[in-house]
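Novice: In the working numbering, the protein residues as written are 3 to 151. Backbone N, C-alpha and C define an ideal beta-carbon position, used for all residues, glycine too.
1) Tell me which same chain residues have a C-beta within less than 7 Å of the C-beta of residue 106, skipping the five on either side of it?
2) Please report how far the alpha carbon of residue 140 lies from the alpha carbon of residue 86, in whole angstroms.
3) Apart from the five residues on each side of it in sequence, which residues of its chain come closer than 7 Å, Cβ to Cβ, to residue 23?
4) Would DSSP call residue 65 helix, strand or coil?
5) With a threshold of 16 other CB atoms inside 10 Å of the CB of residue 127, please say whether the residue is buried or exposed.
6) For residue 103, tell me which candidate among 29, 31, 46 and 28 has the shortest Cα-Cα distance.
7) Let me make sure I understand the geometry here. Which of 66, 73, 150 and 67 has the alpha-carbon closest to that of residue 60?
8) Please check the pair residue 122 and residue 149, which I expect to be a contact at CB under 8 Å, by giving their CB distance rounded to whole angstroms.
9) Can you tell me which residues form a DSSP beta bridge with residue 39?
10) Less than 9 Å separating the beta-carbons of residue 13 and residue 101?
11) Using a Cβ-Cβ cutoff of less than 8 Å, which residues in the same chain neighbour residue 92 once the five nearest sequence positions on both sides are dropped?
12) What does a CB cutoff of less than 7 Å around residue 39 pick up in its chain, not counting 5 residues either side in sequence?
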């Protein structure tokens, strides 16, 4: 499994409750660009419209050796999920505060996949708490390393 892009900001801004793996309907130059590792998931999200899921604001750079028929970097891309999964997600999304956030794009069995997270937004105090916990863990690790010497 080759990871192309990750959305680190998603883990900072949201509580991820469930993850789903979805295929992506891409054009040829988009796949080539992804293989070069040129994708950005910052500020991207997924939306459900008429029983279909679409990925918005995902930037896949134009292919470097492409011609005039290169793809639009910010185009809306359709995500491929089973109908049962989509119906389940529709029920969850209708609850207040939930969103579908792409966490990473990767290749699995030579096919481009996106990992979607069912996420609930964090409050400012939750973010501060996470930062304090991370710093405390770092300090403990540092103390353990110094204690071993």
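Specialist: Short version:
1) Along the chain shown, read from residue 1 onward, the residue named residue 106 stands at position 104. Hits under 7 Å: 5, 7, 8, 9 and 117.
2) Here residue 140 refers to the residue found at position 138 when the chain shown is read from its first residue. Here residue 86 refers to the residue found at position 84 when the chain shown is read from its first residue. So the two alpha carbons sit approximately 42 Å from each other.
3) Sequence index remark: in the chain shown, residue 23 carries index 21 (1-based). Only 115 and 117 meet the Cβ criterion.
4) In the chain shown, counting from the first residue as 1, residue 65 sits at position 63. In the structure shown, residue 65 sits in coil (DSSP, three-state: anything other than H, G, I, E or B).
5) Counting from one through the chain shown, the residue named residue 127 turns up at place 125. Residue 127 should be labelled exposed.
6) Position 101 of the chain shown, counted from the start, is the residue given in the question as residue 103. Answer by Cα proximity: 46.
7) What you label residue 60 is simply residue 58 of the chain shown in a count that begins at 1. Taking only the C-alpha atoms, the option nearest residue 60 is 73.
8) Locating residue 122 in the chain shown gives position 120, counting from the first residue. Locating residue 149 in the chain shown gives position 147, counting from the first residue. So it is not a contact: roughly 39 Å between Cβ atoms.
9) Walking along the chain shown from the start, residue 39 turns up at place 37. In DSSP, residue 39 forms no bridge with anything.
10) Taking the chain shown and counting its residues from 1, the one referred to as residue 13 is at position 11. Taking the chain shown and counting its residues from 1, the one referred to as residue 101 is at position 99. Not closer than 9 Å, so no.
11) Walking along the chain shown from the start, residue 92 turns up at place 90. Only 50 and 53 meet the Cβ criterion.
12) The count along the chain shown starts at 1 and reaches residue 39 at position 37. The residues are 6.
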